[in-house]
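FYI, this note's numbering numbers position 41 of the sequence shown as 923, with every residue one higher than the one before it.
Don't be surprised by glycine CBs; every beta carbon is placed ideally from N, CA and C.
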Amino acid sequence: MEATPRRRADVRRNEKALLDAAAAAFVAAGIDAPVRDIAARAGVGVGTVYRHFPSRADLVVAVYRHQVEALVQLGPRYLKSEATPYAALLRWIDGFVDFLVTKHGLPDALSQRDALHTYFLDQLLPVCAELLAAARASGEVNRLDVEALELMRAIGNLCIGANDDERYDARRTVAVFTAGLTRAASDGT
């Protein structure tokens, strides 16, 4: 019986290592990165990859979900660790931009894209709404007409094409946009 919890911990650790390695490989070489490269990055054998994820689509979906879940966890963590709620919102948005820039178009490559988009919104929208509400409550954000969904869509649109033009800095463009949420920007100062 003692081996079961240890095995489960090993399985979880292997799966997380695989997902992190696959995410890095997808950023470096696209979703067609060789499985042997992913296995090597994770420090496991190719067979382990296939035991966890029988098909490439299974792996891609799992990586996407894993990274969405990481963003979900960061929202409350940033609210506790950052100096202000607005700083927490901006830090979370930075992670959101990284996710979008490296994953843009990924769901389109999969047959499950509608389900993944729904999952994406169901998971991330409440986190963004909580961060935005906290920044409003602190007085740092005074734009009451901007909802979390609008904010996320606007940021998403600003990230489109970031990989197609090396001169385009999505993070900088998003920073200019999010500055418009603050009191100083709306006062014209």
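- Straight-line spacing of the CA atoms in Tyr-1050 and Glu-1032 works out to 22 Å.
- Ranked by Cα distance from Thr-1055, the first of Asn-1039, Asp-1004, Tyr-932 is Asn-1039.
- Contact between the region 1002 to 1015 and the region 963 to 974 is established, with three or more Cβ pairs separated by less than 8 Å.
- Between the region 921 to 933 and the region 943 to 952 there are fewer than three C-beta pairs closer than 8 Å, too few to call the two in contact.
- In the displayed model, Val-1028 falls within coil according to three-state DSSP, outside both helix and strand.
- For Val-1023, the beta-bridge partners assigned by DSSP are Thr-1064.
- Comparing C-alpha distances from Leu-953 to each of Val-1058, Ser-1020, Asp-1004 shows the shortest one belongs to Asp-1004.
- If you check the CB distance, Val-945 and Ala-911 do not come in under 7 Å.
- Per DSSP, reduced to three states, the secondary structure at Asp-980 is helical.
- In this structure, Cys-1010 and Ala-1030 form a Cβ contact; the two beta carbons are roughly 4 Å apart against a cut-off of 8 Å.
- By the Cβ-count criterion, Lys-898 is exposed, with fewer than 16 other Cβ atoms from all chains shown falling within 10 Å of its own Cβ.
- Here the alpha carbons of Leu-901 and Arg-973 stand approximately 23 Å from one another.
- Asp-914 sits in coil when the DSSP states are folded into three classes, being neither helix nor strand.
- In this structure Thr-1064 touches Glu-1022 by the C-beta definition: roughly 6 Å separates them, less than 8 Å.
- Secondary structure note for Asp-940: its alpha helix (DSSP H) is the uninterrupted segment 938 to 963.
- Contact annotation, Val-909 with Ile-920: C-beta distance approximately 12 Å; criterion of less than 8 Å not satisfied.
- According to the DSSP assignment, Arg-933 belongs to the alpha helix (DSSP H) that extends over 928 to 934.
- A distance below 7 Å between beta-carbons, with the five flanking residues on each side excluded, links Leu-956 to the following residues of its chain, in chain order: Trp-974, Gly-977.
- Within the same chain, Leu-1063 come within 6 Å of Arg-1025 by CB-CB distance, once the 5 residues on both sides are set aside.
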